[in-house]
């Protein structure tokens with residue numbers, strides 16, 4: 129081939145590529161068919177979703193899907209996290225002196241498969257969750273077994289009647305599956321399920337629940353597709369299809385929301401939400417969370433001699449400007465509990481925080497430091513996860529604010545950013561002097577906050593709790609009277625405040641930005657972020 | 027060589043003070059010894075380090091890269107899903123980088139110290155120095171959010187089913203299936219992230235081409251060719267450029283291999299499910315099987331790309347074969 133041939137061929141190839149590109153662009157720009165809104169599109173980060181098997185998934189993003197395709201016996205409505213409401217069970221009662229609960233199932237409920245809901249399905253679901261011995265199985269630890277009384281009545285026998293069960297049952301992991309189909313796919317509810325259950329691969333691609341939608345496709349880190357369940361027992365769901373799009377970058381979510389390519393953006397930062405206020409066609413929906421950011425201070429003299437002194441820890445807590453964090457860093461979109469039980473549960477209220485909680489009082493902080501033997505202050509290492517945030521504010525920013533606050537009483541916090549996995553490992557091993565981290569619930573019972581503070585979290589801060597507080601926590605967990613229970617947890621919080629190992633900084637309000645083409649969207653703290661059944665086209 | 031790389035990465039990863047069980051399990055479950063023990067046993071983390079690596083090698087000999095701790099499925103399945111997206115993205119990006127970088131570099135060399143040379147150097151400087159995450163977001167905000175001429179992020183439009191799986195490369199699969207609408211959509215979704223990803227490589231190739239061409243144009247044989255009365259186009263393209271291409275191809279080969287697994291920011295902003303994000307997320311949670319699998323794949327890719335580059339020398343410069 130001579131040079132002119134070569135040049136001719138290159139020219140021809142270039143022209144061909146150019147024409148092909150033009151043709152593809154024309155094809156792509158073909159106008160889409162217009163029509164009524166039948167598809168709901170959510171934009172969120174679903175990279176943590178590693179299974180859609182309801183008895184296995186235990187990450188942050190998966191419950192949106194699970195709650196839409198599986199239903200639990202009982203549920204909770206947004207904003208009310210004390211009273212459980214009926215869902216697949218119409219009523220329930222405690223029997224055998226509290227050692228078991230009997231659930232009466234709603235008649236004429238069908239799975240998406242067409243099979244009727246029975247007590248066998250409840251037994252299979254609960255026992256499979258327990259015996260898989262997976263991440264979520266800890267939630268079913270208090271279930272000894274499930275007895276089928278009749279096709280619409282199931283009895284759940286407890287291991288320890290002093291421990292609560294109902295708040296756990298609202299978790300999507302207790303979503304009832306069609307036992308006939310799951311068994312046929314290799315699912316087991318026997319003690320060997322952890323080794324021999326084979327149903328997860330099937331359940332990752334198809335749902336077999338009674339929910340308003342059903343799972344039809346999951347492309348990992350790309351998209352989850354749900355379609356309307358034709359057998360649903362209530363009014364049909366509002367949309368023919370729901371797409372949960374994986375959009376890891378929050379700035380990209382903003383662009384897509386503005387363009388109308390998504391109807392809701394779930395992971396926006398405080399600044400992005402502020403910039404959207406007043407934007408035509410976009411609303412911000414808020415919901416109080418039960419999560420919080422906190423600082424864990426060690427009691428170990430080996431890690432920090434000053435922090436091992438309770439008075440010094442109390443001084444530090446009196447030096448922090450909590451209102452400044454909430455107003456300045458989060459725009460006021462947060463509240464604060466007195467200690468480790470969030471506002472909304474266990475008698476924890478903002479009034480209680482004002483009554484018994486810490487607030488910035490620099491004179492008191494200085495006096496406590498002098499009393500502790502540190503009139504000229506001290507220094508300690510403050511560790512936190514880099515590149516992560518809670519409620520739209522990063523640990524880094526909060527750490528800097530705390531550092532500035534403490535400097536006013538001559539206490540020097542040496543900031544130690546750490547990679548998240550590294551931080552979690554070191555914190556859980558109890559190797560850090562002070563750690564800014566985060567708590568979100570596995571289920572919605574105050575015992576799930578109270579128990580860890582005197583058990584595993586206590587070990588992380590090297591605190592050996594007094595037997596009296598251990599006993600108080602145990603009694604509160606098993607107390608059937610709600611008022612007495614709340615009073616016990618208030619007393620529990622007072623002891624935690626005095627101990628001063630755990631300093632809760634704020635309990636954020638979570639905000640999602642939505643387009644005004646949809647209605648009924650409510651953010652919930654119950655674990656699934658939003659109930660897709662409530663969302664309808666406007 | 028790729029296996030040696032997996033051994034090094036395996037050892038380094040195990041010396042990092044992070045417990046993958048603690049990063050994966052929830053707070054409650056991590057306090058239950060029975061669940062923790064089952065996790066450790068399931069992923070072989072209860073075995074000595076040498077035995078874990080031996081098991082990895084045994085499985086590898088059967089074509090099994092093990093199961094990812096984070097995604098809970100075979101690493102090979104993860105790679106099969108994420109690698110084609112990266113392959114498409116990197117391939118289009120490297121084609122763009124060569125198509126723009128080489129002509130621009132040649133022009134800059136020919137018109138040395140002219141406004142064209144300064145422009146080319148300026149463009150390549152911006153390409154090399156602009157942070158990819160910034161460039162990606164600006165491109166998306168301008169062409170998608172502002173001008174509304176680019177499609178939404180992702181490999182396809184929301185809800186659009188992917189073409190039937192043959193290779194995982196949407197361009198190829200939709201073309202083979204005769205689905206031209208999906209082909210057009212996949213191409214349109216690929217264009218902007220590819221341009222962003224190509225920016226740095228284009229800058230490097232432009233600068234290298236310019237320098238390489240300037241060196242070549244100073245050679246005696248170029249003066250001889252001109253003295254013989256050859257047309258300038260022939261001197262430039264037949265005699266100068268062919269000799270200048272060797273360092274450019276070497277550089278391009280390394281850049282291509284890097285683009286395959288190193289496009290984390292572009293993949294994040296354009297919601298492109300590729301190997302870069304998969305590698306990043308695996309590293310963050312110390313997902314040992316996934317990290318080992320990715321290392322092996324990247325190592326093999328480097329070897330393969332270098333082999334292709336070495337072979338291409340023979341085409342560009344026949345003297346290489348004669349030596």
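Protein chains in written order, with my numbering: chain F, 129 to 666; chain A, 27 to 349. Just so it is clear, CB atoms sit at the ideal spot from N, CA and C, and this is done for glycine as well.
Within the same chain, and ignoring the five residues on either side of residue 116/A in sequence, the residues whose Cβ sits closer than 8 Å to its Cβ are 223, 282, 285, 286, 289. Nearest to residue 118/A by C-alpha distance, out of 214/A, 161/A, 183/A, 107/A, is 214/A.
Counting the other CB atoms within 10 Å of its CB gives residue 288/F a total below 16, which places it among the exposed residues.
Between the C-alpha atoms of residue 356/F and residue 368/F there is a straight-line separation of about 5 Å. Within 7 Å of the CB of residue 64/A, the CB atoms of chain F belong to 261, 322, in sequence order along the chain.
Taking the beta carbon of residue 90/A as reference, no residue of chain F falls within 9 Å; the closest one sits roughly 16 Å away. Between the beta-carbon of residue 549/F and that of residue 294/A there is about 19 Å, and that puts the pair past the 8 Å contact cut.
Per the coordinates, the alpha-carbon of residue 92/A lies some 21 Å from the alpha-carbon of residue 181/F. The three-state secondary structure of residue 395/F, taken from DSSP, is coil. Within chain F, the C-beta atoms nearer than 7 Å to that of residue 166/A come from 380, 383, in chain order. In the same chain as residue 46/A, and ignoring 5 residues on each side of it, the C-beta atoms closer than 8 Å to its own belong to 69, 71, 95, 311, 312, 313, 314, in chain order.
Residue 209/F is not a Cβ neighbour of residue 660/F, given a cutoff of 8 Å. The closest CA to that of residue 493/F, considering only 532/F, 326/F, 537/F, 346/F, is found on 537/F. Here residue 503/F is exposed, its C-beta having fewer than 16 other C-beta atoms within 10 Å.
For residue 524/F, the enclosing alpha helix (DSSP H) has its first and last residue at 523 to 535. Secondary structure of residue 143/A (DSSP, three-state): helix. Chain F places a beta carbon closer than 8 Å to that of residue 178/A, counting this residue as a contact. Residue 184/F holds the alpha-carbon nearest to the alpha-carbon of residue 301/F among 307/F, 229/F, 184/F. Judged by their CB atoms, residue 475/F and residue 336/F are not nearer to each other than the 8 Å cut-off.
When the beta-carbon positions are compared, residue 464/F and residue 620/F stay at least 8 Å from each other. Exposed is the label assigned to residue 318/F, since fewer than 16 other Cβ atoms lie within 10 Å of its Cβ.
Closest option to residue 304/A, judged by alpha-carbon separation, among 229/A, 86/A, 101/A, 237/A: 101/A.
Inclusion of residue 418/F and residue 572/F in the CB contact set at 8 Å is warranted, their separation being smaller than that value. Neighbours of residue 375/F in chain A, taken as residues at a C-beta separation under 7 Å, are given in chain order as 179, 297.
In this structure, residue 306/F keeps its C-beta atom at 8 Å or more from the C-beta atom of residue 231/F.
Collapsing the DSSP output to three states places residue 638/F in a strand.
In this structure, residue 54/A lies near residue 570/F, with their beta-carbon atoms less than 8 Å apart.
In this structure, residue 299/A and residue 172/F do not form a Cβ contact; the two beta carbons are roughly 14 Å apart against a cut-off of 8 Å. Sorting 108/A, 63/A, 225/A, 197/A by C-alpha distance to the C-alpha of residue 216/A places 197/A at the top. Boundaries for residue 226/F: no alpha helix (DSSP H) harbours it, and the DSSP string shows neither H nor E there.
Looking from the CA of residue 126/A, the closest CA among 239/A, 178/A, 225/A belongs to 225/A.
Residues are counted here when their Cβ sits less than 7 Å from a Cβ of chain F; for the region 253 to 268 of chain A these are 260, 264, given in chain order. Within the same chain, and ignoring the five residues on either side of residue 182/A in sequence, the residues whose Cβ sits closer than 8 Å to its Cβ are 188, 196, 208, 211, 212, 215. The C-alpha of residue 274/A lies about 16 Å from the C-alpha of residue 154/A. Secondary-structure assignment with DSSP links residue 60/A through no beta bridge to anything. Among the residues facing chain A, residue 563/F is not included, as its CB has no counterpart in that chain under 8 Å away.
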